[in-house]
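Student:
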Amino acid sequence: MNTLVASRRSFLKVGAAAAGGLVIGLALPVRTRAAATAAPADTAINAYVRVATDGRVTLLVPKSEMGQGIYTGFAQVLAEELEVPLATVVIEAAPVAAVYNASFAPIQFTGGSMSMSSSFELLRRAGAAARSMLVSAAAAELGVPASTLSAADGHVVHGASGRRLAYGALAVRAAALPAPADPVLKSPADWKLIGKAVPRLDTRAKVEGSAEFGLDVRLPGMVYAVVARAPTFGGSVAKLDASAAKAVPGVVAVREVPSGVAVLATNTWAATRGRAALRIDWTPGAGAGVSTTRLAAEFAARAREPGTVVVERGDVGQAGPGRALEADFATPYLAHAPMEPLNCAVAFADGRCDVYTGTQFQTVDRAAAAAVAGLAPEQVHVHTTLLGGGFGRRANPSSDFVREAVAVAKGHPTPVMTVWTREDDLQGGYYRPLSHDRLTATLGTDGHPATWTHTIVSQSIVAGTPFEKMMIDPKTGLDATQHEGASDLPYAIPSVRVAGHTAKVPVPVLWWRSVGHTHTAFAVESFIDECATTARQDPVAYRTALLGAEPRHLAVLKLAAEKAGWGTPLPHGRARGVAVHASFGSVVAEVAEVSLVDGRPKVHRVVAAIHCGLAVNPGQVAYQVESAICFGLSAALYGEITLEDGRVQQSNFGDYAPLRHEEMPAVEVHIVPSSAAPTGVGEPGTPVIAPAVANALAALTGVRARRLPLAHTAFTAPPA
Amino acid sequence: MKLDINGTAHEVDAAPDMPLLWALRDIVGLTGTKFGCGASLCGACTVHVDGQATRACVTPLASVAGRRITTIEGVAASELGRKVQAAWIAEDVPQCGYCQSGQIMSAVSLLAQKPHPSDAEIRSAMNGNLCRCGTYNRIHQAIRRAAEA
Ligand code: FES
Ligand code: FES
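Structure follows, in structure tokens:
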């Protein structure tokens, strides 16, 4: 939308839809669904702000809260301009409406670390517009010029007379006023909330167990379903015998759906028992023969072929006079494995379908649900709950879990929640793509790379989805997520060639926290480190010399190195490694300190620095980087989904092991002070940790890891 | 079957081998106890049975009939429970929050047995509780804070 505050009619519509929707109580006092219906009439001032007659302010957030703190961040910006105390606002998940589409795409979604960077100015204007309308309403009420009034603490104040009018008493009048086209924003010097490490607004509900995640939705008469899906991707039901399943106590129905066979029961456990009793012959699908061992070998061979060029400058055929290096880096499929397994509750009533789920992809999921339901998108109401982690899995262009849940519920007389078990979640596909990165370089007399080539083999995430047109470059046929982090190499190297191959594999893939950077950063930052050590130069100094044109890179590298004590002695058996990488508009440097314990890598401490423009909430920025380090370290040390004969070999947290409490390193995060526009925060810390740790292990043992997870590499401790 | 949950008696009509987790969530309607793995691998479902941290996903109803079950919704009934929750709020621990009920239940059980645990004892007692969001360091600090409170 170009006017920030759309027409009042659409606001009122949004307000009404929201009032009838799922209200998630987060702030203090916790607002429950029952309380919401009993609350005094809310008036929508605009799409983001509602004020009740008792003064209660509700802020609507169209971005999904999946741990990144976006409910708090958005509330900080809105409340700042609106002049309301943060502790008293109520946060509500916005409904799906065009007014909430991203500023750069015709969909409402949460991803790409862009929530704050793409909404910051819009939120300021929305808050300021609402404040200005409340002030104008007070001016009319008091019969004084608006210029003699100010706003503070949820009140409009007439300084001369000391009269104060509460927002609650002004809301109805304010909402009838035209929205100002150009509201006056507060000066950054007057900010009380933006830029401050205020505590999160959802903490108490999450500590008391009252926060409502998708899996906690309870609808009248609702039953629970689990779905038996084909054991290989693309498979389908050939023969079904459901008699034993139907005999399991609690099972109420067995229904065939496009993705398999759903067992519906009065509780989740009965549904899983019923599923175990199904007898199904499956037709093997296209994925029946997939072997990741074979795929890795095929990708490695293909990486030796030239591929489609994405970047070419200088002449990579003109080798430098120094040493020549080459290295191959292999990275596996990875599951997102959010702590809350996938789920989606669906209720049909005449002419409408209500979908309750923790989604990152509201508009896309609504369209998919409508198509399956046989309804128009406007007849589908998506209620976004809290997400027990997302990491990209709940932003699926194919809407797999929503589509399926609607199919399961369609025609059933009661609401149905489709629940994925952990095994379903890990084996259900949509992985970070398996990739192969092959790099070569020749060094100049100064030891710096004179030539650099990088050839990538991987699957496209968006091929065959509605995003294909938007994200696949028609010139190269490559999807930007295949080579991001490689094609934007920050190092000043005269001759560079980056090329890619797209492999078609019948394993569904998806963006996974930091997407393509997860493999390119590992390859680039491991290889540049190897160039540095081959040239017998210090890895920080070497990078610094090559990053002359990249002030953000230089700033984080310097800050992280300083804070980590780079170059200072460590006890015997320990070493440091460094990596720096830009993604989602931000740059992160990390220094990892490692040792070997029984031959296995142990990460003791990670010092990170981030440049993300203005840090709207420095506390949450730092915590997101820490989170990203944990997430990236899980993958670096252990993460791997393998397939043989088309079957996923991992099934639960026993064989797909996230980092545990004992393995968590001490983490320090430093933020480069900046007043530039905010850039991404949720993802950029993730891809940096694998190369930082691999480089530290190389410094310790001389062995360079060529493959993730690091568990595949044999490291030997240096002699005492 | 009679279940004593958070000091209230509940008559639950369910098979004796049904795991406590599903009775709590789908029958009694206490959804604060979470499902993460169903196989005693993640700790999201941790509750107390007679004060002991117990994984509800692998605990058959028959084994807890008549015993004292405490869930996250009832943990504030004890002073220690309130202290741990207050420490969690002071450290602003949760991110997505999904694992936190289980983390808190494990922490309360640890502190009930060892009011002043060492760092190593905290790490080992909490090692069965996974967090995909990486809140471990703040969890650790919150436990320290509760122990010192
Ligand atoms: S759900 Fe019980 S330990 Fe994971
Ligand atoms: S806070 Fe998200 S899993 Fe722990």
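Chains F and X, in that order, give the protein sequences. Counting from 21, one number per residue, gives the positions in the first sequence under our numbering. Counting from 6, one number per residue, gives the positions in the second sequence under our numbering. All residues carry an ideal CB built from backbone N, CA and C; glycine is no exception.
#1: Going along the chain, which residues of its own chain have a beta-carbon closer than 6 Å to the beta-carbon of ALA148 of chain F, five neighbours each way excluded?
#2: Report all residues from its chain with a CB closer than 8 Å to the CB of ALA321 of chain F; omit the five preceding and five following residues, and keep chain order.
#3: My assumption, with CB atoms under 8 Å, is that ALA170 of chain F sits in contact with VAL177 of chain F. Please give the rounded CB distance.
#4: Output, in sequence order along the chain, the residues in the stretch 39 to 51 of chain X whose CB is closer than 8 Å to any CB in chain F.
#5: Considering only heavy atoms of ligand 2, list every residue whose Cβ is less than 6 Å from one of them, following chain order.
#6: Using DSSP with H/G/I as helix, E/B as strand and the rest coil, what is ARG744 of chain F?
#7: Per DSSP, PRO65 of chain X forms a beta bridge with which residues?
#8: Tell me which residues share the same chain as ALA569 of chain F and place their Cβ nearer than 7 Å to its Cβ, disregarding the 5 neighbours each side in the sequence.
#9: Is any non-hydrogen atom of ligand 1 found closer than 7 Å to the C-beta of ALA49 of chain X, if you look at the structure I gave you?
#10: Kindly say whether THR78 of chain F, judged by its beta-carbon, lies nearer than 8 Å to any beta-carbon of chain X.
#11: Chain X partners of GLY229 of chain F, CB-CB under 9 Å?
#12: ALA347 of chain F to THR379 of chain F, Cα distance in whole Å?
#13: Strictly under 8 Å for the Cβ-Cβ distance: is ASP222 of chain F near chain X by that measure?
#14: Once DSSP output is grouped into helix, strand and coil, what is the label at CYS650 of chain F?
#15: Of all the residues that make up the stretch 13 to 30 of chain X, which are near chain F by a beta-carbon distance shorter than 7 Å?
#16: Which residue or residues does DSSP assign as beta-bridge partners of GLU112 of chain F?
#17: What is the DSSP secondary structure of ASP618 of chain F, counted as helix, strand or coil?
#18: Does PHE542 of chain F come out as helix, strand or coil in the three-state DSSP assignment?
#19: Indicate the three-state DSSP secondary structure (helix, strand or coil) for LEU459 of chain F in the structure shown.
#20: Would you mind giving the Cβ-Cβ distance between ALA595 of chain F and ALA716 of chain F, rounded to the nearest angstrom? I have them listed as a contact below 8 Å.
#21: Since ILE300 of chain F sits in a beta bridge, which residues does DSSP pair it with?
#22: Using the beta-carbon of each residue, which ones in chain X are nearer than 7 Å to LYS226 of chain F?
#23: Terminal residues of the continuous alpha helix (DSSP H) containing TYR91 of chain F?
#24: Relative to chain X, which residues along the stretch 72 to 102 of chain F have a C-beta separation below 9 Å, given in chain order?
#25: With 9 Å as the limit, tell me which residues of the stretch 131 to 143 of chain X have their beta carbon closer than that to any beta carbon of chain F; keep them in chain order.
#26: Relative to the alpha-carbon of GLU682 of chain F, which residue among F:SER671, F:CYS650, F:VAL192, F:ALA718 has its alpha-carbon at the smallest distance?
#27: Can you find a heavy atom of ligand 1 that lies under 7 Å from the Cβ of GLY674 of chain F?
#28: Give the secondary structure of ARG137 of chain X by DSSP, where H, G and I count as helix, E and B as strand, and everything else as coil.
#29: Buried or exposed: where does ASP222 of chain F fall if 16 or more other Cβ atoms within 10 Å of its Cβ makes it buried?
#30: Kindly indicate the opening and closing residues of the alpha helix (DSSP H) around ASN3 of chain F.
#31: From what residue to what residue does the beta strand (DSSP E) around ALA245 of chain F run?
#32: Where does the unbroken beta strand (DSSP E) through GLU276 of chain F begin, and where does it stop?
#33: Three-state secondary structure (DSSP) at PRO638 of chain F?
#34: Just by C-beta distance, which residues in the stretch 240 to 271 of chain F are closer than 7 Å to chain X?
#35: Report yes if the C-beta distance between PRO358 of chain F and THR538 of chain F is below 8 Å; otherwise report no.
#36: What whole-angstrom Cβ distance do PRO99 of chain X and THR140 of chain X have, given they're in contact under 8 Å?
Tutor: In this structure, then:
#1: GLU101, PRO203, LEU205
#2: none
#3: A small correction: the amino acid at residue 170 of chain F is Ser; Ala does not occupy that position in the sequence shown. Right, their Cβ atoms sit about 5 Å apart.
#4: LYS39, PHE40, GLY41, CYS42, GLY43, ALA44, LEU46, CYS47, ALA49
#5: F:GLY87, F:MET359, F:GLY409, X:PRO99, X:GLN100, X:CYS101, X:GLY102, X:TYR103, X:CYS104, X:GLN105, X:CYS136, X:ARG137, X:CYS138, X:THR140
#6: Since the first residue of chain F shown is 21 and the last is 740, residue 744 of chain F is not available in this structure.
#7: X:PRO24
#8: ALA512
#9: yes
#10: no
#11: LEU35, THR36, GLY37, THR38, LYS39, THR76, ILE77, GLU78, VAL80, GLN105, SER106, ILE109
#12: 39 Å
#13: yes
#14: helix
#15: ALA20, MET23, PRO24, TRP27
#16: F:LEU80
#17: coil
#18: helix
#19: strand
#20: 5 Å
#21: F:LEU260
#22: PRO99, GLY102, GLN105
#23: 90 to 102
#24: GLU85, MET86, GLY87, GLN88, GLY89
#25: MET131, ASN132, GLY133, ASN134, LEU135, CYS136, ARG137, CYS138, GLY139, THR140, TYR141, ASN142, ARG143
#26: F:CYS650
#27: no
#28: coil
#29: buried
#30: Summary: the structure shown does not reach residue 3 of chain F, with chain F confined to residues 21 through 740, and so no result is reported for it.
#31: 243 to 249
#32: 271 to 277
#33: helix
#34: TYR244, PRO269
#35: no
#36: 7 Å
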